[in-house]
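First to last, the protein sequences are chains A and B.
Taking my numbering, I'd label the letters of the first sequence as residues 421 to 848.
Taking my numbering, I'd label the letters of the second sequence as residues 421 to 848.
What follows is one structure encoded as structure tokens, with my remarks underneath.
Protein chains: 2
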Amino acid sequence: MSYSPELSSVLESLQASNGDLLRVISSGREHVGTLMPHHDFSDPDVLVLKLKSGYNIGIKVSVDDDVSVLERAARREPPRREKPAVEGRKRVAIIGTGGTIASYADYRTGAVHPALSAEDLAASVPEMADLAYLDPKVLFSIFSENMEPRHWQELAVAVSKELNDGAEAVIIPHGTDTMGYTAAALSFMLGEIPRPVILVGSQRSSDRPSSDAYSNLMAALRFALEQDVAEVCVLMHSGPSDDEFAVHFGTRVRKMHSSRRDAFRSMNVPPLAQMKDCEVEFNAPCRRKSDVKVTPSIELQKDVLLLQYYPGMHASQFSNLIVSARGVVMSGTGLGHVNRDMVGLISRAVYGGTEVVMTTQCLSGATNLGVYDTGRDLINAGVITVMDMLPETAYVKLMWAMANSDDVRRTMTTPLQNEMGERREMHV
Amino acid sequence: MSYSPELSSVLESLQASNGDLLRVISSGREHVGTLMPHHDFSDPDVLVLKLKSGYNIGIKVSVDDDVSVLERAARREPPRREKPAVEGRKRVAIIGTGGTIASYADYRTGAVHPALSAEDLAASVPEMADLAYLDPKVLFSIFSENMEPRHWQELAVAVSKELNDGAEAVIIPHGTDTMGYTAAALSFMLGEIPRPVILVGSQRSSDRPSSDAYSNLMAALRFALEQDVAEVCVLMHSGPSDDEFAVHFGTRVRKMHSSRRDAFRSMNVPPLAQMKDCEVEFNAPCRRKSDVKVTPSIELQKDVLLLQYYPGMHASQFSNLIVSARGVVMSGTGLGHVNRDMVGLISRAVYGGTEVVMTTQCLSGATNLGVYDTGRDLINAGVITVMDMLPETAYVKLMWAMANSDDVRRTMTTPLQNEMGERREMHV
Chain A
421 MSYSPELSSV LESLQASNGD LLRVISSGRE HVGTLMPHHD FSDPDVLVLK
471 LKSGYNIGIK VSVDDDVSVL ERAARREPPR REKPAVEGRK RVAIIGTGGT
521 IASYADYRTG AVHPALSAED LAASVPEMAD LAYLDPKVLF SIFSENMEPR
571 HWQELAVAVS KELNDGAEAV IIPHGTDTMG YTAAALSFML GEIPRPVILV
621 GSQRSSDRPS SDAYSNLMAA LRFALEQDVA EVCVLMHSGP SDDEFAVHFG
671 TRVRKMHSSR RDAFRSMNVP PLAQMKDCEV EFNAPCRRKS DVKVTPSIEL
721 QKDVLLLQYY PGMHASQFSN LIVSARGVVM SGTGLGHVNR DMVGLISRAV
771 YGGTEVVMTT QCLSGATNLG VYDTGRDLIN AGVITVMDML PETAYVKLMW
821 AMANSDDVRR TMTTPLQNEM GERREMHV
Chain B
421 MSYSPELSSV LESLQASNGD LLRVISSGRE HVGTLMPHHD FSDPDVLVLK
471 LKSGYNIGIK VSVDDDVSVL ERAARREPPR REKPAVEGRK RVAIIGTGGT
521 IASYADYRTG AVHPALSAED LAASVPEMAD LAYLDPKVLF SIFSENMEPR
571 HWQELAVAVS KELNDGAEAV IIPHGTDTMG YTAAALSFML GEIPRPVILV
621 GSQRSSDRPS SDAYSNLMAA LRFALEQDVA EVCVLMHSGP SDDEFAVHFG
671 TRVRKMHSSR RDAFRSMNVP PLAQMKDCEV EFNAPCRRKS DVKVTPSIEL
721 QKDVLLLQYY PGMHASQFSN LIVSARGVVM SGTGLGHVNR DMVGLISRAV
771 YGGTEVVMTT QCLSGATNLG VYDTGRDLIN AGVITVMDML PETAYVKLMW
821 AMANSDDVRR TMTTPLQNEM GERREMHV
């Protein structure tokens, strides 16, 4: 939606355009700030100003209000696509998928919409262009709760193309809700990669003063360029400070808070690396940059379920669902347990050809079906156990293993992408 | 299974019985330790000795091995049931349910079986009897993955009876796997209580030297007797030290590690109290001891599902399950999101009379459906949101609310047992 005819004509008569410094007197209060772009979903009567404090405010303006232009700022030109050869800068591909990192708040409803393009995002952090030749493109523009396995596949193809075309890194702005699932999917699909693939999100929309979009993006770029790492990673703020970040293996990371900036956590391992100011500290070995060509394996068995066990889960309710699925990942209790009824159902499902993988809803620690009777019954039923692999990662890996391996059990129980520890003695 | 005839006759000829100090030379190695009870599931050829180091070992003994009694220790008499009036000690009911806290390791398979009774457990910590008149009874003897909602109901009745009969506290040894679910169920079912109800578990079976069964039990007893608290709580070790414990509200606690002693965590709030040595520090207000009579509300709507959302969850797969259920708790991504397909399914289910509650699989932080389009679509679909309530607690509460309230939405969104924060502004 554009501005109302009245507001349009006021702005036109002032020759005010985005980036100009405006004074608005509305309902008796004066506001001075830079005029921000008007988004499709915004109220036609609302101007958005970025105040000197850095805060953006939305002001409902009526025709009776005073609006004047204080200063006509030079507007930043959109970044030109320069050939990397010309400048000698390395090319970094930025593949936009949508999410809060590329969204803006609607000041009428307070809601956040996906809108900004990867181009806008890259352009909004001019410091990034000083470090590399940024090559942004928009693959999707969706919130991550609408990401589906087919999007992972499309993304894996696009990332592979960039890497094989010589990109120094691929940075993927992504909605945080399912970023962990996507990171795990890319880890398995891409296999060995020559350069880092870094997913980066934002818990605050990018037009908000407290947004973590820019700092996360900038940190991802620096990490990708300066460190000798060739892994699929997630990079996000790791604490209250603006200059603290953690870099997580894509298969070990989980969103553990619905709204905090430092919501992402490596589970069962420390993060691959921690960044503070410009210091980077590594906690684990990882693959180095190389000239390997990527040959992605993007096939997935999509008929796989992820189910959490709970007391009162009735085998009779879940019987059709589980028996008819090709694969099931359960997050059992504790070391990987379910009730007797469900053991029977799982046994029937496995007998019928369903692959059943057991994980733990504790999220930390490993499964171990050798300790209690229930566990041994599950082993006898043919359940596959995957040590300390996250339920979400096991779900993604099972889809991938069933489409790409002749020996699903062996593939599931072999660490491929740092997704699980080596088999070891359990102390229970 | 008892000892083999050969081993039986050796032990008989020595007049060796449990508690005696034995020397066993087996396969050329000498072992000296106290003879432990022989359990039904143990190998008939295996003696279990508790070594001076505190460790228990199982020794396979053949008839050719040397076995001698070094010392015939005086065996502890089983504690007599004394009337509390006689001794002036307060009566503490111990209601056994099973689980690792009341289990022993099978030294043949290394597996752990439920076996010890609440009586055995109480008797095994003689220091406990110094503090109170212990009144143990066994309600169930099952591992907690086999606890079902009907067990919560039976337990609530048994606890109510003890409290109304004047017990100073009720301590419930419970398997850790589903202890959080049971604690939440008791919280809602019991309502206001005159004295504390403390669930206590163990991550190491009680015949292992590293067992946390006794220390957790002892800490629960002391907390119950010495502190002015009348809540349903979970008490467990909170750190590596033997004398650190946390007391959690029953509705806020979650098992967050499959095997560590300090697996239990309060989510979204600090624990009600922390204990170190004999110091107790409270982090929240709570209900005080009183003379109120308990009138439990144990009815449950058992046709409720708990489902985690994940990318690739197809509405078509879950359609029958969700539409035919009376209630569904979803753990959505981030602030409480699911994909467009699932929004449609949820909308149909709500229209058909299913109560649908949204929580977050992040486990920390609150849901907020007012921020993104998906969220507002879910609100329009009629989804109930429950702030920062855990998915598992929301599942239990929905079962309870649907059976005990005429206004399920209102009951779900009103804090009753510390299960959720007060509604507040969300900063996203």
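Quick reminder that beta carbons are idealized off the backbone N, C-alpha and C, glycines included.
Check, Outcome
"Extent of the continuous alpha helix (DSSP H) run through L815(B)", "Here residue 815(B) turns out to be Tyr, not Leu, going by the sequence shown. Its alpha helix (DSSP H) spans residues P811 to N824."
"Unbroken alpha helix (DSSP H) run spanning E582(B), endpoints", "P569 to N584"
"Below-7 Å beta-carbon distance, E568(A) vs any chain B residue", "yes"
"Residue burial classification, R495(B) (beta-carbon count within 10 angstroms, cutoff 16)", "Low per-residue confidence applies at R495(B): pLDDT is 48, beneath 50, and the placement is therefore not dependable enough to give any value."
"Span of the beta strand (DSSP E), counted from its first residue to its last, around Y729(A)", "Run containing Y729(A): none; DSSP gives neither H nor E here."
"Alpha-carbon spacing of E664(A) relative to S422(A), whole angstroms", "39 Å"
"Residues within the region 764 to 795 of chain B neighbouring chain A, beta-carbon criterion of under 9 Å", "T780, Q781, C782, L783, S784, G785, A786, T787, N788, G790, V791, Y792, D793, T794 and G795"
"Touch test, the region 780 to 787 of chain A against the region 678 to 693 of chain A, Cβ-Cβ under 8 Å, three pairs minimum", "yes"
"Within chain B, partners of F563(A) - CB distance below 7 Å", "Y792 and T794"
"CB contact check: T598(A) to chain B, cutoff 7 Å", "yes"
"Residue-level contact to chain A via CB, S446(B), 7 Å cutoff", "no"
"Under 9 Å (Cβ pairs) to chain B, residues found in the region 709 to 723 of chain A", "L720, K722 and D723"
"DSSP three-state assignment for T596(A), whether helix, strand or coil", "coil"
"Same chain only: Cβ atoms within 8 Å of R672(A), ignoring 5 sequence neighbours per side", "S686, M687, N688, V689, L810, T813, N838 and E839"
"From L610(A), V512(A) and R708(A), residue whose alpha carbon lies closest to that of I591(A)", "V512(A)"
"Assigned secondary structure, L836(B) (DSSP; H/G/I helix, E/B strand, else coil)", "coil"
"Residue environment, G841(B), which counts as buried when at least 16 other CB atoms sit within 10 Å", "exposed"
"Three-pair Cβ contact test at 8 Å for the region 718 to 734 of chain B versus the region 752 to 759 of chain B", "yes"
"P705(A) to E612(A) span [Cα, whole Å]", "15 Å"
"Cβ-based burial, R624(B) [other Cβ within 10 Å; buried from 16]", "buried"
"Collapsed DSSP secondary structure at R830(B) in the structure displayed", "helix"
"Cross-chain neighbours of M676(A) in chain B, by beta carbon under 7 Å", "C782, L783 and S784"
"Chain-ordered residues of the region 573 to 601 of chain A with a beta carbon less than 9 Å from chain B", "G595, T596, D597, T598 and Y601"
"Neighbour flag for T753(B) against chain A, beta carbons, 7 Å", "yes"
"Counted within 10 angstroms of its Cβ, other Cβ atoms place V483(B) as buried (16 or more) or exposed", "exposed"
"Close beta carbons around G530(B), own chain, < 6 Å, minus the five adjacent residues each side", "In this prediction, G530(B) scores a pLDDT of 46, lower than 50, which makes its location untrustworthy; the coordinate-derived value is nonetheless stated afterwards. There are no such residues."
"V512(A) Cβ short of 6 Å to the ligand MN heavy atom set", "As far as ligands go, the structure on display features none, and thus does not contain the ligand MN."
"Residue environment, Y771(A), which counts as buried when at least 16 other CB atoms sit within 10 Å", "exposed"
"Beta-bridge pairing of F702(A) - partner residues as DSSP gives them", "A693(A)"
"When D827(A), A769(A), V791(A) and T780(A) are compared against G802(A), the one with the closest alpha-carbon", "A769(A)"
"Same chain, Cβ closer than 8 Å to S825(A), neighbours up to 5 away in sequence not counted", "T831"
"Proximity below 7 Å, CB of G670(A) to CB of A603(A)", "yes"
"Which residues DSSP lists as bridging S767(A), in chain order", "Answer is none; S767(A) lacks a bridge partner."
"N-terminal and C-terminal residue of the beta strand (DSSP E) that M656(A) is part of", "V652 to H657"
"Which listed residue (S607(A), T779(A) and P616(A)) has its alpha carbon closest to that of I514(A)", "P616(A)"
"Cβ-based neighbour list, T598(B), same chain, cut-off 6 Å, excluding 5 preceding and 5 following", "S564 and M567"
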